[in-house]
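Chemist: Each protein sequence line maps, in turn, to chains S and B.
Quick note: the first sequence uses our numbering, first residue 1, plus one each step.
Quick note: the second sequence uses our numbering, first residue 1001, plus one each step.
No residue lacks a Cβ here, since even glycine has one placed at the ideal position from N, Cα and C.
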Amino acid sequence: MEKVIQDIWILSDAGAVLFNRVLDKKVDEQLIGALISALNLLAEELEKGGLSNFELKDKKYIITKQHGISFIVNSPKKTKEKKVKEEIKNIVEKFFTLYPAEFFNQWDHDISIFSDFENHIKDSLQDTIDKFEKAFW
Amino acid sequence: MVDQEIFLNFIGIIFELFILIIAAILLVLILKKYFVKRHNLTRLLFFIFICYFIAIVFSWLSKIFAVLEWDLVQDNAVVTWFYNRISDFRISELFVTFAIFLSYILKVNVFEKGYNTLQKYITIIYGALTCLYALFIYKNENDLLDVGAFLLVFVYMVMVYAPFLRRAIESYRAVEGKSYKQAFLSLAIMSVSFMLIFLSFAIDRVFIFLGSSGFTVFYFLGWIFAVVGIFGAYYGYIRPKSTE
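1) From residue 38 (chain S) to residue 89 (chain S), what does the alpha carbon distance come to, in whole angstroms?
2) By DSSP, does residue 1120 (chain B) sit in helix, in strand, or in coil?
3) When burial is assigned at 16 or more other CB atoms within 10 Å of the CB, is residue 9 (chain S) buried or exposed?
4) Under 9 Å, do residue 1167 (chain B) and residue 128 (chain S) count as touching if we go by C-beta distance?
5) Relative to chain S, which residues along the stretch 1039-1059 of chain B have a C-beta separation below 8 Å, given in chain order?
6) Would you call the CB atoms of residue 1019 (chain B) and residue 1215 (chain B) closer than 9 Å?
7) Put residue 52 (chain S) into one of helix, strand or coil per three-state DSSP.
8) Along the chain, where does the alpha helix (DSSP H) containing residue 76 (chain S) start, and where does it finish?
9) Hey, could you find the ends of the alpha helix (DSSP H) residue 1109 (chain B) is sitting in?
10) Would you mind reading off the limits of the beta strand (DSSP E) that contains residue 64 (chain S)?
11) Is there a C-beta anywhere in chain S that falls below 9 Å from the one on residue 1104 (chain B)?
12) Where does residue 1165 (chain B) sit, in a helix, a strand or coil, going by DSSP?
13) Which residue or residues does DSSP assign as beta-bridge partners of residue 152 (chain S)?
14) Nearest to residue 1134 (chain B) by alpha carbon, out of B:1053, B:1111 and B:1084?
15) Taking 8 Å as the cut-off, does the stretch 1031-1042 of chain B touch the stretch 1054-1070 of chain B (at least 3 CB pairs, one atom from each stretch)?
16) Any beta-carbon of chain B closer than 9 Å to the one on residue 132 (chain S)?
17) Could you tell me whether the Cβ atoms of residue 1107 (chain B) and residue 1163 (chain B) are closer together than 9 Å?
18) Is the stretch 1087-1099 of chain B in contact with the stretch 1134-1149 of chain B, if contact means three or more CB pairs nearer than 8 Å?
19) Please go through the same chain and pick out, in chain order, the residues whose beta-carbon is closer than 8 Å to the beta-carbon of residue 1218 (chain B), but skip the five residues on each side of it.
20) Output, in chain order, the set of chain S residues within a Cβ distance shorter than 7 Å of residue 1171 (chain B).
21) For chain B, check one thing: does any of its Cβ atoms lie closer than 9 Å to the Cβ of residue 79 (chain S)?
22) Is it buried or exposed, residue 68 (chain S), if we count other Cβ atoms within 10 angstroms and call 16 or more buried?
23) Closer than 9 Å, Cβ to Cβ, to anything on chain A: give me those residues from the stretch 74-99 of chain S, in chain order.
24) Work out the CA separation of residue 1189 (chain B) and residue 121 (chain S) for me, nearest whole Å.
25) Using 9 Å as the limit for Cβ to Cβ distance, is residue 136 (chain S) near chain B?
26) Just by C-beta distance, which residues in the stretch 1110-1141 of chain B are closer than 8 Å to chain S?
27) So residue 1063 (chain B) is in the alpha helix (DSSP H); what residue range does that whole segment cover?
28) When you compare only the Cα positions, how much space is there between residue 18 (chain S) and residue 1021 (chain B)?
29) Whose C-beta lies closer than 7 Å to the C-beta of residue 1031 (chain B) among residues of the same chain, with five residues either side of it excluded?
30) Could you give the C-beta distance for residue 1067 (chain B) and residue 1109 (chain B), rounded to a whole number, given that I count them as a contact under 8 Å?
31) Would you say residue 1028 (chain B) lies against chain S (beta-carbon separation less than 9 Å)?
32) Three-state secondary structure (DSSP) at residue 1244 (chain B)?
33) Tell me which residues share the same chain as residue 1184 (chain B) and place their Cβ nearer than 8 Å to its Cβ, disregarding the 5 neighbours each side in the sequence.
34) Report yes if the CB atom of residue 1234 (chain B) is closer than 9 Å to the CB atom of residue 1195 (chain B), and no otherwise.
35) Should residue 16 (chain S) be labelled buried (16 or more other beta-carbon atoms within 10 Å of its own) or exposed?
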């Protein structure tokens, strides 16, 4: 089953990529870098907690910014926006539960600390379907 | 009156034999699935339906006892003890309670990220009390106590299958793809049907308490819900094929 949210980038206020999950590894990384920089500029325009989105080829991108951290995700165009927004909300909540805003005051800029985040963002529906597929389907 | 009771029980034997055959087919299919998947949850599902199957067998035996007019009351205390509890569905209720508890474990494993401690203890304690009631809070030909037993199992069903239903519906709404939607919808139908089985039986018992000779429409309705539940389980667990 296709994931609701496919690729994820989480950027610091300075534009450093704290965490990323890219499902389609064939996409040119330079292109992604340029895209993310542009998206981050767009994110800077967002008010706290605001959402912005646009479509590019067969993907829909959604950007939100909270506590100076930008969250950029994409999903297939056909996926319902409500579902994507629910998932991005979960991701943001989980991120700030694990790394509260105060955490960044003492952060030593070591991004390896965020590598474990992948294990926390497996969406619950996908998790359930994975279990059903392994055990029954 | 006695002839009518034997006739009704004979109909019960035929009707429940039909349910037994359907349940046995589902059991075989689950076992086949287990041999393919070799997964703990598949094995757990098999144990759940083994318990349901045994419960149906004992219910069916109670009709056999009634039709053959076996009377074991005087002979042997242990045999009489079991005979009475089989006749009044207490052994069936015991196995259904086991199945519900195993269903709770399955529900947590497929839909949740872990056990809620309070919920876990409530489920264990309530299940244990239901088992004790089924076996020991018993008086021969006391229909009110039997109504209580059916209601206890019904409440336990609701405690486990209502959250299961909610999660199945949530997944049905959120998931994309026809086969996934159909699977979660089938599991939702299964949950509703399982809950309604014991509600129907409890109502049937209330009618018996009020003087009916039993086998009311609610008895048949209960078993029809069982068939619907079995088909729901088939379309929810067995039929869907992974695209992986």
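Modeler: Taking the geometry as given:
1) Reading the first sequence from its first residue, position 38 is the one you call residue 38 (chain S). Reading the first sequence from its first residue, position 89 is the one you call residue 89 (chain S). Roughly 22 Å between the two C-alpha positions.
2) Here residue 1120 (chain B) corresponds to residue number 120 of the second sequence, with the count starting at 1. Helix, per DSSP.
3) Translated into positions along the first sequence, residue 9 (chain S) becomes position 9. Classification of residue 9 (chain S): buried, given that the 10 Å Cβ count is 16 or more.
4) Numbered from 1 along the second sequence, position 167 holds the residue referred to as residue 1167 (chain B). Numbered from 1 along the first sequence, position 128 holds the residue referred to as residue 128 (chain S). Their beta carbons are under 9 Å apart, which means residue 1167 (chain B) touches residue 128 (chain S) by this criterion.
5) 1039, 1040, 1041, 1042 and 1045
6) As a position in the second sequence, residue 1019 (chain B) is number 19, starting the count at 1. As a position in the second sequence, residue 1215 (chain B) is number 215, starting the count at 1. Against a cut-off of 9 Å, the Cβ pair of residue 1215 (chain B) and residue 1019 (chain B) comes out as no contact.
7) Residue 52 (chain S) sits at position 52 when you count from the first residue of the first sequence. Note: residue 52 (chain S) maps to strand in three-state DSSP.
8) For the purposes of this step, residue 76 (chain S) is taken as residue 76 along the first sequence, with counting starting at 1. Unbroken run through residue 76 (chain S) is the beta strand (DSSP E), 69-76; no alpha helix (DSSP H).
9) What you label residue 1109 (chain B) is simply residue 109 of the second sequence in a count that begins at 1. First-last of the alpha helix (DSSP H) with residue 1109 (chain B): 1090-1111.
10) To locate residue 64 (chain S), count along the first sequence from 1; it is residue 64. 59-66 is the extent of the beta strand (DSSP E) around residue 64 (chain S).
11) As a working mapping, residue 1104 (chain B) is identified with position 104 in the second sequence. No, because no Cβ of chain S sits closer than 9 Å to the Cβ of residue 1104 (chain B).
12) The residue given as residue 1165 (chain B) occupies position 165 in the second sequence. Residue 1165 (chain B) falls in the helix class under three-state DSSP.
13) Because residue 152 (chain S) is not part of the residues shown, which for chain S are 1 to 137, the question remains open.
14) One-based indexing of the second sequence puts residue 1134 (chain B) at position 134. Ranking the options by Cα distance to residue 1134 (chain B), first place goes to B:1084.
15) no
16) Taking the first sequence and counting its residues from 1, one reaches residue 132 (chain S) at position 132. Chain B contact via Cβ: present.
17) Start at 1 with the first residue of the second sequence, and residue 1107 (chain B) comes out as number 107. Start at 1 with the first residue of the second sequence, and residue 1163 (chain B) comes out as number 163. In contact: residue 1107 (chain B) and residue 1163 (chain B) (Cβ atoms closer than 9 Å).
18) yes
19) Within the second sequence, numbered from 1, the residue matching residue 1218 (chain B) stands at position 218. Counting only Cβ-Cβ distances below 8 Å, and skipping sequence neighbours, we find 1200, 1201, 1203, 1204 and 1207.
20) For the purposes of this step, residue 1171 (chain B) is taken as the residue at position 171 of the second sequence. Near residue 1171 (chain B) (Cβ distances below 7 Å), the residues of chain S are 125 and 128.
21) Here residue 79 (chain S) is taken as the residue at index 79 of the first sequence, counted from 1. So yes, residue 79 (chain S) belongs to the interface.
22) Sequence index remark: in the first sequence, residue 68 (chain S) carries index 68 (1-based). Exposed, because fewer than 16 other Cβ atoms sit within 10 Å of the Cβ of residue 68 (chain S).
23) Of the chains in the structure shown, none is chain A; the protein chains are S and B.
24) For the purposes of this step, residue 121 (chain S) is taken as the residue at position 121 of the first sequence. For the purposes of this step, residue 1189 (chain B) is taken as the residue at position 189 of the second sequence. The alpha-carbon atoms of residue 121 (chain S) and residue 1189 (chain B) are separated by roughly 30 Å.
25) The count along the first sequence starts at 1 and reaches residue 136 (chain S) at position 136. Chain B has a Cβ within less than 9 Å of the Cβ of residue 136 (chain S).
26) 1110, 1111 and 1113
27) As a working mapping, residue 1063 (chain B) is identified with position 63 in the second sequence. Its alpha helix (DSSP H) spans residues 1040-1068.
28) For the purposes of this step, residue 18 (chain S) is taken as residue 18 along the first sequence, with counting starting at 1. For the purposes of this step, residue 1021 (chain B) is taken as residue 21 along the second sequence, with counting starting at 1. Linking residue 18 (chain S) to residue 1021 (chain B) through their CA atoms gives a straight-line distance of about 58 Å.
29) To locate residue 1031 (chain B), count along the second sequence from 1; it is residue 31. If we look at residue 1031 (chain B) and ignore the five residues flanking it on each side, its Cβ neighbours are 1046.
30) As a working note, residue 1067 (chain B) is residue 67 in the second sequence. As a working note, residue 1109 (chain B) is residue 109 in the second sequence. So it is not a contact: roughly 42 Å between Cβ atoms.
31) Numbered from its first residue, the second sequence carries residue 1028 (chain B) at position 28. No, its Cβ sits nowhere closer than 9 Å to a Cβ of chain S.
32) Your numbering for residue 1244 (chain B) matches position 244 in the second sequence. With a pLDDT of 47 at residue 1244 (chain B), under the threshold of 50, the modelled position of that residue is not reliable, and the figure given next carries that caveat. Coil, per DSSP.
33) Here residue 1184 (chain B) is taken as the residue at index 184 of the second sequence, counted from 1. Same-chain partners within the cutoff: 1168, 1169, 1171, 1172, 1175 and 1236.
34) For the purposes of this step, residue 1234 (chain B) is taken as residue 234 along the second sequence, with counting starting at 1. For the purposes of this step, residue 1195 (chain B) is taken as residue 195 along the second sequence, with counting starting at 1. No, they are not a contact pair.
35) Walking along the first sequence from the start, residue 16 (chain S) turns up at place 16. It counts as exposed.
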